[in-house]
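Heads up, the sequence shown is in this note's numbering, so the first residue is 181 and it goes up one at a time. The beta-carbon is built from N, C-alpha and C at its ideal position, and this holds for glycine as well. Worksheet for the structure shown next.
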Amino acid sequence: MSLGDAVNVFLRQSLNVGGLPFDMRTPHPNAVTEAAMREGDEIIRRVKSSGKGRFDSAEDMLADLKS
């Protein structure tokens, strides 16, 4: 699809739906997702402050994944 074709598809779809053919609102994650995001941020913070990775070896990582 050429750029011109893509623009035409976008414009036609905009007319069909009466506005932009996608949602412009900021997504609001649910409580479980927010908790997972906070946990990920905390893991990143600890890793950066320790100067090393979360695991000492690949074996430790795999053992953690299996538990």
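**Asked** Straight-line CA distance for residue 204 to residue 198?
**Response** Against the sequence shown, residue 204 aligns to sequence position 24. Against the sequence shown, residue 198 aligns to sequence position 18. Near 14 Å, if we compare the C-alpha coordinates of residue 198 and residue 204.
**Request:** To the nearest angstrom, report how far apart residue 229 and residue 187 are at their CA atoms.
**Result:** Counted from its first residue, the sequence shown places residue 229 at position 49. Counted from its first residue, the sequence shown places residue 187 at position 7. Their Cα atoms are separated by approximately 47 Å.
**Which of helix, strand or coil DSSP assigns to residue 236** = The residue given as residue 236 occupies position 56 in the sequence shown. Assignment of residue 236 by DSSP, reduced to helix, strand and coil, places it in the coil class.
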